[in-house]
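Heads up: the sequence shown runs through residues 1 to 255, numbered per the UniProt record's numbering.
Please read the structure below before turning to the comments.
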Amino acid sequence: MQVRAFAKVSLGLSVFKKQNNLKKHDFESIFLISDQLYDVVNVEINNIKRDSVHYFIDDKEIYVYSKLVYRVLDWLRKDYNLQNYYKINIHKKIPIGSGLGGGSSNAAAIMNAIAQIEQLNQFDLKQVAKLGSDIPFFLTNYKAGYIKGDGASVEEIILPDDFSFDLHLMNVNVNTKLVYQLFDSNSIHVIRNDFHKIINDLKKGSIQNVYNDLEDYCFKLYPNIQHQYQELKQKYEYVLLSGSGSTFVCYKKKG
Numbered sequence: 001m002q003v004r005a006f007a008k009v010s011l012g013l014s015v016f017k018k019q020n021n022l023k024k025h026d027f028e029s030i031f032l033i034s035d036q037l038y039d040v041v042n043v044e045i046n047n048i049k050r051d052s053v054h055y056f057i058d059d060k061e062i063y064v065y066s067k068l069v070y071r072v073l074d075w076l077r078k079d080y081n082l083q084n085y086y087k088i089n090i091h092k093k094i095p096i097g098s099g100l101g102g103g104s105s106n107a108a109a110i111m112n113a114i115a116q117i118e119q120l121n122q123f124d125l126k127q128v129a130k131l132g133s134d135i136p137f138f139l140t141n142y143k144a145g146y147i148k149g150d151g152a153s154v155e156e157i158i159l160p161d162d163f164s165f166d167l168h169l170m171n172v173n174v175n176t177k178l179v180y181q182l183f184d185s186n187s188i189h190v191i192r193n194d195f196h197k198i199i200n201d202l203k204k205g206s207i208q209n210v211y212n213d214l215e216d217y218c219f220k221l222y223p224n225i226q227h228q229y230q231e232l233k234q235k236y237e238y239v240l241l242s243g244s245g246s247t248f249v250c251y252k253k254k255g
């Protein structure tokens, strides 16, 4: 079975300080699907009793070990008592480490494919969020959504038909873990996003007063990304880093 795993951008990101009893940060964000950028995922039953996951770029195999994909496969086998093992080939178009949710989108696409093959019931998003906070959004098949908490809460947003944005991809694989470590080291944190207002503006086809809490920390670690940001600001009314980087969401060309 062949399925597409679409990229998503995060429009605004509020990250909350990690509590002592939590392994992950709670957050708020708006996710938008990019229809033009996707990986192609092939899923089929394996003849041998083990899962195999292979990644390709331009039909050439590359080495990637995805803990997330194997975690999802183990969870499916345990919680749904799957007897089959799977051979999975992922043909990458979404750059790795780009802040576009490629790994989570791949995981969701695999889950959907296996659900069809095995005739599984709808997944519990609260359980799925424990595997990866971005996966629930991809499972909803929404074009846009307001995400909060650990990722399990997803509220659909209906955007105007003519709403559009540009993606600026950089050839930089951002280390998300390092960005979050730098964020955690800063004891002062102010929540700047008002997502109810942002959503209302989006429904009218506009973007304003949107912030990404990880942007400054990404720029500190990767000055070349900050330099590109300054250049894009000369061309667009609004430029925002997606997730922890390195992709920019660009809105409304100047002039």
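We put the beta carbon where it would ideally sit given N, CA and C, even for glycine.
In the three-state reduction of the DSSP assignment, residue 132 falls in the coil class. The stretch 88-105 makes contact with the stretch 37-52, as at least three CB pairs between them are under 8 angstroms. Here the stretch 166-180 lies against the stretch 212-227, with 3 or more beta-carbon pairs under 8 angstroms apart. Per the DSSP secondary-structure output, residue 48 pairs with nothing in a beta bridge. For residue 192, no pairing in a beta bridge is given by DSSP. Pairing residue 165 with residue 139 gives a Cβ-Cβ distance that is not under 8 angstroms.
Per DSSP, the unbroken beta strand (DSSP E) holding residue 241 starts and ends at 236-241.
In the displayed model, residue 222 falls within coil according to three-state DSSP, outside both helix and strand.
When C-beta atoms of the stretch 1-13 are compared with those of the stretch 46-60, fewer than three pairs fall below 8 angstroms, so the two segments do not count as touching. In this structure, the beta-carbon distance from residue 152 to residue 125 falls below 8 angstroms.
Contact check between the stretch 15-34 and the stretch 67-77: fewer than three CB pairs, one atom from each, fall below 8 angstroms, which does not count as touching. Your pair residue 205 and residue 163 checks out as a contact, with CB atoms roughly 5 angstroms apart and the cut at 8 angstroms.
If you draw a straight line from the Cα of residue 211 to the Cα of residue 81, it is about 43 angstroms long.
In the three-state scheme derived from DSSP, where H, G and I count as helix and E and B as strand, residue 102 is classed as helix.
A direct Cα-to-Cα measurement between residue 201 and residue 157 gives close to 11 angstroms. Measuring C-alpha to C-alpha distances from residue 167 to each of 235, 106, 57 and 15 identifies 235 as the nearest.
Distance between residue 214 and residue 225, taken at the CA atoms: about 13 angstroms. Distances from the alpha-carbon of residue 79 to those of 103, 26 and 128 put 128 closest. According to the DSSP secondary-structure assignment, residue 15 is paired through a beta bridge with 27. Sequence-distant Cβ neighbours of residue 69 in its own chain, meaning closer than 6 angstroms and more than five residues away, are 53 and 107. For residue 167, the enclosing beta strand (DSSP E) has its first and last residue at 166-168.
Per DSSP, the continuous beta strand (DSSP E) segment holding residue 248 begins and ends at 248-253.
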